[in-house]
Amino acid sequence: MQRKVLIWLFLAPTVIGLGVFSFLPILASIGLAFFSWDIITPPKFVGLDNFASIAADPTIRVSFLNTIGFVVVAVTLQLAVALGLAVLVNTRMPSMARSFFRSVLFFPLILSAASVSIIMTYLFNENFGLVNHLLSMLGVANVPWLTSTSGAMVVVVLVYVWQNFGFSFLLFLGGLSSIPKDVYEAAQVDGATGWKQFWRITFPLVSPTTLVASVMAIISALQIFDQPYVLTRGGPGDSTRTAVMVIYESAFKQLQFGRASAIGMILTIVIMLVTALQFRLSRRFVFYG
C-alpha cells in the first residue's frame with residue numbers, strides 16, 4: 001500500500017500537469033467548436049453551424065488544399081535530402097568530420113522559425129535580396145520570389161525544408177548505423193556496388209526509419225504556420241495561406257473562437273487519418289529484417 005502511494009506521489013506532478021495543460025484544453029476546445037464565442041459576450045450554443053460555415057467558406061478550402069500540396073512537396077523533398085545527406089555522412093570518413101557534419105546539418109532545427117523567416121525575407125527580396133543578386137550575376141532577371149503565387153510557395157517550401165530536415169537526417173543516421181556491415185561486404189562479393197547497394201540493401205533496411213521520419217514530418221508539415229505567416233502573410237492572395245493560419249486568423253483577428261476550434265478539430269481529424277493510412281500502408285512497404 002505504501003509503495004503504491006509513493007508511486008502515485010511521484011506520478012502526480014506529471015499527471016496533474018498533463019491534465020491541466022493538455023487534456024482539459026483539448027476537451028474545452030472540442031466543446032467550444034459547438035459554440036459561438038468572441039470573448040466579450042457569453043458563449044452561445046450553435047450546434048453544427050460552425051462546421052457548416054467552414055464547408056461554405058472558399059478561403060478555408062483553399063487553405064487546406066495549400067496545406068496538402070505543401071505537405072506533399074515539402075515532406076518528399078525533406079526526406080530525400082535527409083536520406084541523401086545521411087548516406088553521404090555515413091560513408092567512411094574521420095569521426096571528427098562526421099561529428100562536424102552532424103552538428104552543422106542539425107543546427108537549423110534549433111533556430112527560431114520566426115527569426116529564420118525574417119532573415120529569408122531579406123535574402124529573397126526582389127530588389128535587393130542576395131538570391132536575386134547572385135542570379136543577376138548569371139544573367140537571370142530579378143525573380144519576384146515573395147510577390148508571385150508560384151515563387152512565394154517555392155520560398156516557403158525551401159525555408160521549411162532547410163530548417164526541418166535535420167531531425168529526419170539524425171533519424172536516418174541512426175537507421176543506417178544499425179545495418180550490419182557484413183551485408184554490404186556480401187553484396188560487394190556478389191558484384192553489387194553503389195546505386196544497386198542503395199536500392200537493394202540500404203533503402204529496404206532503412207524503411208522502418210523512413211516510416212517514423214515520414215509520420216513525424218507529415219504531422220509537423222500539416223501544422224505549418226511560422227514560415228508562411230512571416231514570409232508572405234498567406235499571400236499573394238491566398239496562395240500560401242495554410243490551415244493553421246486560418247485558425248489563427250479566425251480566433252485572434254476575427255474573434256470567432258468557436259469557428260477556430262471547429263477548424264482545429266477538422267485538422268486534427270485529417271492528421272489522425274493520414275497517420276493511420278501511413279501505418280496501414282507500411283504493412284506492404286516496410287521491411288523489418
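Be aware that the sequence shown starts at 1, since it is given in the UniProt record's numbering, and climbs by one per residue. Just so you know, even glycine gets a beta-carbon here, dropped at the ideal spot from N, CA and C.
8 angstroms CB neighbourhood of residue i in its chain, flanking five on each side removed
{"i": "G264", "result": "S29, A33, I247"}
Alpha-carbon to alpha-carbon, residue j and residue i
{"i": "D244", "j": "K181", "result": "One detail in the question is off: residue 244 reads as Val in this sequence, not Asp. The straight-line gap from Cα to Cα measures roughly 44 angstroms."}
{"i": "T210", "j": "L77", "result": "13 angstroms"}
{"i": "T91", "j": "A192", "result": "16 angstroms"}
{"i": "residue 358", "j": "F165", "result": "The structure shown has nothing for residue 358, since the chain only spans 1 to 289."}
{"i": "residue 302", "j": "S178", "result": "Because residue 302 is not part of the residues shown, which for the chain are 1 to 289, the question remains open."}
{"i": "S117", "j": "V161", "result": "12 angstroms"}
{"i": "L24", "j": "T202", "result": "44 angstroms"}
{"i": "residue 291", "j": "P58", "result": "The chain is shown from 1 up to 289; residue 291 falls before or after that span and cannot be answered."}
{"i": "I224", "j": "G31", "result": "24 angstroms"}
{"i": "H133", "j": "F124", "result": "10 angstroms"}
{"i": "T240", "j": "A213", "result": "24 angstroms"}
{"i": "G139", "j": "F128", "result": "16 angstroms"}
{"i": "A12", "j": "L27", "result": "20 angstroms"}
{"i": "A187", "j": "L18", "result": "50 angstroms"}
{"i": "P204", "j": "S36", "result": "51 angstroms"}
{"i": "S136", "j": "L158", "result": "20 angstroms"}
{"i": "W145", "j": "G84", "result": "27 angstroms"}
{"i": "A80", "j": "F172", "result": "11 angstroms"}
{"i": "L9", "j": "F64", "result": "44 angstroms"}
{"i": "M120", "j": "A82", "result": "21 angstroms"}
{"i": "I68", "j": "P228", "result": "14 angstroms"}
{"i": "I16", "j": "D49", "result": "34 angstroms"}
{"i": "M153", "j": "T242", "result": "11 angstroms"}
Which listed residue (the options) has its alpha carbon closest to that of residue i
{"i": "L111", "options": "L255, D38, L273, D226", "result": "D226"}
{"i": "Q163", "options": "N66, S99, I266, V104", "result": "V104"}
{"i": "S168", "options": "R233, F106, G69", "result": "F106"}
{"i": "A114", "options": "V183, Y184, V230", "result": "V230"}
{"i": "V46", "options": "R259, G139, A141", "result": "R259"}
{"i": "A197", "options": "V215, L176, K253", "result": "In the sequence as displayed, the identity of residue 197 is Gln instead of Ala. The candidate whose alpha carbon is nearest that of Q197 is L176."}
{"i": "S148", "options": "L83, S22, G237", "result": "G237"}
{"i": "V73", "options": "F287, F279, A217", "result": "A217"}
{"i": "I219", "options": "Q278, Q254, P228", "result": "Q278"}
For residue i: DSSP bridge partner residues
{"i": "K44", "result": "S36"}
Cβ shell of residue i (< 7 angstroms), same chain only, five flanking positions each side left out
{"i": "Y122", "result": "G129"}
{"i": "Y184", "result": "Q197, I201"}
{"i": "R98", "result": "V89"}
{"i": "A251", "result": "F257, A260"}
Ignoring anything shorter than 4 residues, give me the alpha helix (DSSP H) runs that lie fully in the region 149–232, in order along the chain. With a minimum length of 4 residues, the continuous alpha helix (DSSP H) runs that stay inside the region 149–232 are 149–177, 181–189, 207–222, 226–231.
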